[in-house]
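Student: Have a look at this one.
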C-alpha cells in the first residue's frame with residue numbers, strides 16, 4: 001500500500017504562533033513528521049512525503065530503516081489537488097496488480113504529518129479496513145487519515161471534510177468505514193493540542209522531546225490541564 | 001460487570017453557559033445521559049446511575065429495555081469519593097464470585113454521562129480489556145471511561161487523572177491498558193464540543209436531536225467548522 005504523507009513545508013503550524021516562534025514551529029513540525037514516518041514504517045509500509053517545498057530528509061535525522069524506507073517528492077499544489085493526483089485510478093489498477101505482492105497494490109493511504117500521537121496499531125487498524133474508503137476522522141469534522149481503494153473516490157479537504165468524504169463516497173458507490181481512534185483523531189494544530197503531545201507521547205517520540213527541550217511542561221491548576229513554558233526557554 | 005454512570009444533576013454542564021441556558025443545559029445533559037445508558041445496554045450491561053441529586057428516570061423517556069435495565073442511586077459526595085465507594089474490594093471479590101455468571105463479577109466500569117459519541121463497539125472494546133485497569137482517556141489528560149478489576153486501585157479525578165491513574169495502578173501493582181477511542185475520548189464540556197455531537201451523532205441519538213431542536217447547526221466558514229444557532233431559537 002502506498003502511504004502518502006502531505007507536509008506543508010513553507011510555514012508550518014501557523015496556528016501555534018501564540019506559543020512558538022516561526023523557527024520553533026518548523027523544528028516542531030519536522031519532529032512530528034519524523035514520528036509519523038517512523039510509525040508508518042513500524043506498521044510495515046513505506047511512506048512517501050509529498051511536500052510543498054524541498055525537504056532534506058537528512059535534516060529529519062530519521063532512524064536508518066525509516067530513512068531508507070521514506071521517499072520525498074515536491075508538489076506545491078493545494079493539499080486536495082496533491083492528494084487527488086495520487087489516489088487510485090482504473091489505469092493504475094490495471095497496471096500495478098502485483099507490485100507489492102499483497103493484493104492491495106492499488107490502495108493509497110493518506111496520513112497527515114501532524115498526527116503526533118499516531119501509533120502503529122492504530123494505523124494498522126486503519127490500513128486493514130476492508131471498505132473502499134476508510135477514514136479516521138479528526139476533531140471538528142476533519143479527515144486525519146484515510147485509505148482509498150476505489151478508483152472514483154476523490155478528496156476535498158476544505159471545511160467539514162469527513163462529512164464531505166462520506167457524501168463523495170456515497171456518490172461514487174464506494175463503501176465507507178470510520179475508524180475510531182483518539183490517537184489518529186488528534187492532529188496538533190493549536191496550543192491546547194500540545195497538552196495531548198505531553199500526556200500521550202512516548203519516550204521514544206521526537207515531538208514531546210522537542211516540546212520539553214523548548215521548556216514546555218504540563219501545568220495542572222484548579223483541576224484543569226494546560227501547558228506552561230519556562231520564560232527563559234523561548235528562542236528566536 | 002457493574003457499570004457506574006456518575007451524573008452531576010444539580011447544575012450540569014456549566015461550561016456550556018456561553019451557548020445554552022440553565023434549563024437547556026439540563027435538558028441537553030439528560031439527552032446525553034439517555035444516549036450513554038442506551039449504549040451501555042446495547043453493549044450488554046446494566047447501568048447504575050450515581051447522581052448527585054434525585055433523578056426521575058421517567059423524565060429521561062428511555063426505551064423500554066434501557067429503562068428496565070437502569071438503576072439510580074443518589075450520592076452527593078464528590079465524583080472521586082462516589083466512584084471509589086463502588087470499586088472492587090477484596091470483600092466483594094470473596095462474596096460475589098458468581099453473581100453474574102461470567103467470571104467478571106468483581107469488575108466495575110465507570111462511564112461518564114457526557115460521552116455523547118460513545119458507541120457500543122467502543123464500550124465493548126473497553127469492557128473486554130484483560131488488564132487490571134483499562135482506561136479510555138479523554139482530552140487534556142482526563143479519564144472518560146475505565147474498567148477496574150483490581151481491589152486496591154482507587155480513582156482520583158482531579159487534574160490530569162489519566163496520568164495519575166497510571167501512577168496509582170503502578171503503585172498498587174495493577175496492570176494497565178489504554179483503550180484508543182475517539183468516541184470515548186470526546187466528552188462534551190465546552191461549546192466547541194457541540195461540533196462533534198452534530199458531526200458524529202447518529203440519527204437515533206438524543207443529544208444531536210436535542211441540539212437541532214435548540215436551533216444549532218454546523219457552520220462551515222473559511223474552512224473551519226463550528227456550530228451556529230438561529231437567533232429565534234434560544235429559550236429561557
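Residue numbers (UniProt numbering), protein chains in the order written: chain A, 1 to 236; chain B, 1 to 236. For every residue, glycine included, the Cβ atom is placed at its ideal position computed from N, Cα and C. Quick caveat, the model's predicted, so the values are computed rather than measured.
1) Quick one, which of B/134, B/130, B/117 and B/143 has its alpha-carbon nearest residue 203 of chain B's?
2) Pull out every residue of the stretch 152-163 of chain A whose Cβ sits closer than 8 Å to any Cβ of chain B, in chain order.
3) Name the DSSP bridge partner or partners of residue 146 of chain B?
4) Measure the alpha-carbon distance for residue 24 of chain B versus residue 34 of chain B and round it to whole angstroms.
5) Got a sec, what are the start and stop residues for the alpha helix (DSSP H) residue 226 of chain A sits in?
6) Using the Cβ count rule (16 or more neighbours within 10 Å means buried), how would you classify residue 10 of chain B?
7) Could you tell me which residues DSSP puts in a beta bridge with residue 178 of chain B?
8) Please classify residue 51 of chain B: does DSSP put it in a helix, a strand, or coil?
9) Could you give the distance in angstroms between the alpha-carbon of residue 224 of chain A and the alpha-carbon of residue 193 of chain A?
10) If we cut at 7 Å on Cβ distances, does residue 77 of chain B have a partner in chain A?
11) Assuming residue 147 of chain B contacts residue 126 of chain B (C-beta within less than 8 Å), just tell me the rounded distance between them.
12) For a quick check, are the C-beta atoms of residue 36 of chain B and residue 140 of chain B less than 7 Å apart?
13) Mind pulling the alpha helix (DSSP H) runs of 4 or more residues that sit fully within the stretch 21-96 of chain A?
14) Just the C-alpha distance for residue 5 of chain A and residue 12 of chain A, rounded to the nearest angstrom, thanks.
15) Does the CB of residue 183 of chain B have a neighbour CB from chain A at under 7 Å?
16) Quick one: what does DSSP say residue 101 of chain A is sitting in, helix, strand or coil?
17) With DSSP collapsed to three states, give me the class of residue 193 of chain A.
18) In the DSSP assignment, find the unbroken beta strand (DSSP E) run with residue 157 of chain B in it and report its ends.
19) On the premise that residue 150 of chain A lies in contact with residue 164 of chain A, defined as a C-beta separation below 8 Å, what is that separation, rounded to the nearest angstrom?
20) Using C-beta distances below 8 Å, list every residue in its chain close to residue 71 of chain A, excluding the 5 sequence neighbours before and after it, in chain order.
21) Who are the near neighbours of residue 189 of chain A in its chain, counting only those whose CB is closer than 8 Å to its CB and skipping five residues on each side?
22) Tell me which residues of the stretch 130-154 of chain A have at least one Cβ-Cβ distance to chain B shorter than 9 Å, keeping chain order.
Tutor: Per the coordinate set shown:
1) Sequence index remark: in the second chain, residue 203 of chain B carries index 203 (1-based). Here the closest residue by C-alpha is B/117.
2) 158, 159, 160, 162 and 163
3) As a working note, residue 146 of chain B is residue 146 in the second chain. Its beta-bridge partners are B/110 and B/135.
4) On the second chain, residue 24 of chain B is found 24 positions in, with the first residue counted as 1. On the second chain, residue 34 of chain B is found 34 positions in, with the first residue counted as 1. The straight-line gap from Cα to Cα measures roughly 15 Å.
5) Against the first chain, residue 226 of chain A aligns to sequence position 226. Not the alpha helix (DSSP H): residue 226 of chain A falls in the beta strand (DSSP E), residues 224-229.
6) As a working mapping, residue 10 of chain B is identified with position 10 in the second chain. Label assigned to residue 10 of chain B: exposed.
7) Walking along the second chain from the start, residue 178 of chain B turns up at place 178. Paired residue(s): B/135.
8) Counting from one through the second chain, the residue named residue 51 of chain B turns up at place 51. DSSP places residue 51 of chain B in strand when its eight states are reduced to three.
9) What you label residue 224 of chain A is simply residue 224 of the first chain in a count that begins at 1. What you label residue 193 of chain A is simply residue 193 of the first chain in a count that begins at 1. Cα to Cα, the separation comes out at about 14 Å.
10) Stepping through the second chain from its first residue, residue 77 of chain B is reached at position 77. With 7 Å as the cut-off, residue 77 of chain B does not count as an interface residue toward chain A.
11) Reading the second chain from its first residue, position 147 is the one you call residue 147 of chain B. Reading the second chain from its first residue, position 126 is the one you call residue 126 of chain B. The pair is a contact, with the Cβ atoms about 6 Å apart (cut-off 8 Å).
12) Your numbering for residue 36 of chain B matches position 36 in the second chain. Your numbering for residue 140 of chain B matches position 140 in the second chain. Cβ atoms of residue 36 of chain B and residue 140 of chain B: not closer than 7 Å.
13) 22-42, 64-69, 79-84 and 90-95
14) Here residue 5 of chain A is taken as the residue at index 5 of the first chain, counted from 1. Here residue 12 of chain A is taken as the residue at index 12 of the first chain, counted from 1. C-alpha separation (whole angstroms): 14 Å.
15) As a position in the second chain, residue 183 of chain B is number 183, starting the count at 1. Cβ-Cβ to chain A under 7 Å: yes for residue 183 of chain B.
16) The residue labelled residue 101 of chain A in the question sits at position 101 within the first chain. Confidence is the limiting factor: at residue 101 of chain A the pLDDT is only 45, short of 50, which leaves the residue's position unreliable, though a coordinate-based value still follows. Residue 101 of chain A falls in the coil class under three-state DSSP.
17) Along the first chain, one-based indexing puts residue 193 of chain A at 193. Three-state DSSP puts residue 193 of chain A in a helix.
18) Within the second chain, residue 157 of chain B is the residue found at index 157, counting from 1. Where residue 157 of chain B is concerned, there is no enclosing beta strand (DSSP E), given that its DSSP letter is neither H nor E.
19) Position 164 of the first chain, counted from the first residue, corresponds to residue 164 of chain A. Position 150 of the first chain, counted from the first residue, corresponds to residue 150 of chain A. With 8 Å as the limit, residue 164 of chain A and residue 150 of chain A do not qualify as a contact, their Cβ atoms being about 15 Å apart.
20) Taking the first chain and counting its residues from 1, one reaches residue 71 of chain A at position 71. So the qualifying residues of the chain are 46, 47, 48 and 49.
21) By one-based count along the first chain, residue 189 of chain A stands at place 189. Correct list, in chain order: 13, 15, 16 and 114.
22) 136, 137, 138, 139, 140, 141 and 142
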